[in-house]
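S.K.: Using our numbering, the final residue of the sequence shown is 232, and nothing's skipped along the way. Glycine included, each C-beta is placed from N, C-alpha and C at the ideal position. Take a look at the following structure, please.
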Amino acid sequence: MHILLQATLAAAALTLAAPAVAQITFYEHEGFRGSVHTTRGALDNFAGWDFNDRASSVVVDKGRWEVCEGVGFNGRCAVLRPGAYDRLSTMGLNDRLSSARPAPTRASYENEASPPMRRPDYAYRQRPSERLFEVPVTSVRAVLGAPEQRCWVEHQPEQRGGSSAGRGVLGHQIGRSVVRRCEQVRNDTPAFWEVSYAFRGRAHRIQMNEPPGRTVTVNRAGEPRM
């Protein structure tokens, strides 16, 4: 009876040490773009996804995760905390991952990766199995000046590059941030770009940290996707 009790307590301790719920999403390209694969449990070989050595960015939604170069959690590994890792190349793991598993949250690791993005912009990343659409940009305003003195000038969408996929989205349906046009020509670097588009009969407006292309990428709700 004493031995059985010890075994039961040990199993309970392991359960508490491991994350109750864990989830991680891998993206084919940097910046949370391309093919998407999500798992909530250990995966010892990405071949089941046809995704060995193809991940370039990661979002850890819940728990800590150990990601490894080799199948079966072998080779060089790194432990990732909750957050967004937009470039696995910064830790030398771009296009090199082959397995992943949840890691106990209370343990300390010598191979823990650098902290994730301080200002995550992955709210606009593509979700697994999410259908995307390319929508024409209808207007662009370059917003100039300090917050208390801002004005705008009309800006033509860039002809090169086509879609705005991958460009930073600062906000969606944010309303007009400025109400006056610049009274004189200014050479200031824009603080941001206000971009308008229409999708399924509804007008949308977003702020971007780069000038858009001729189209923006959205989901079925009209929300921007990077």
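(1) Tell me which residues share the same chain as Asn-100 and place their Cβ nearer than 6 Å to its Cβ, disregarding the 5 neighbours each side in the sequence.
(2) Assign Arg-166 to one of two classes, buried (16 or more other C-beta atoms within 10 Å of its C-beta) or exposed (fewer than that).
(3) Would you identify the three-state DSSP class for Phe-79, choosing helix, strand or coil?
(4) Go to Cys-74, then tell me how far its beta strand (DSSP E) extends in each direction, as first and last residue.
(5) For Gly-172, which residues in the same chain have their Cβ closer than 6 Å to its Cβ, ignoring the five residues on either side in sequence?
(6) Look up Pro-108 in the DSSP assignment and say whether it is helix, strand or coil.
(7) What's the gap between the Cα of Glu-140 and the Cα of Phe-57?
(8) Tell whether a beta-carbon distance below 9 Å holds between Thr-31 and Val-64.
(9) Assuming Val-66 and Arg-87 make a contact with CB atoms under 8 Å, what is their CB distance in whole Å?
(10) Can at least three beta-carbon pairs, one atom from the region 140 to 157 and one from the region 105 to 116, be found at a separation below 8 Å?
(11) Where does Glu-201 land, buried or exposed, given buried means 16+ other C-beta within 10 angstroms?
(12) For my contact list, Ser-105 and Val-77 are in at a C-beta cut-off of 8 Å; report their separation, rounded to the angstrom.
(13) DSSP beta-bridge partners for Leu-150?
(14) Let's test the definition: count the other Cβ atoms within 10 Å of the Cβ of Val-45 and tell me whether it reaches 16, buried, or not, exposed.
(15) Between Ala-148 and Arg-82, what straight-line distance do the alpha-carbon atoms span, to the nearest angstrom?
M.R.: According to the structure shown:
(1) Ser-62, Leu-94
(2) A caution first: Arg-166 carries a pLDDT of 48, below 50, which makes its placement in the model too unreliable to give a value.
(3) helix
(4) 70 to 74
(5) Caution is warranted here: a pLDDT of 46 is assigned to Gly-172, below 50, making its placement in the model unreliable, and no coordinate value can be reported.
(6) strand
(7) 26 Å
(8) yes
(9) 6 Å
(10) no
(11) The question names Glu, but residue 201 is Val in the sequence shown. Buried: at least 16 other Cβ atoms inside 10 Å.
(12) 5 Å
(13) Cys-157
(14) The sequence shown places Thr at residue 45, rather than the Val named in the question. It is buried - the Cβ of Thr-45 has at least 16 other Cβ atoms within 10 Å.
(15) 45 Å
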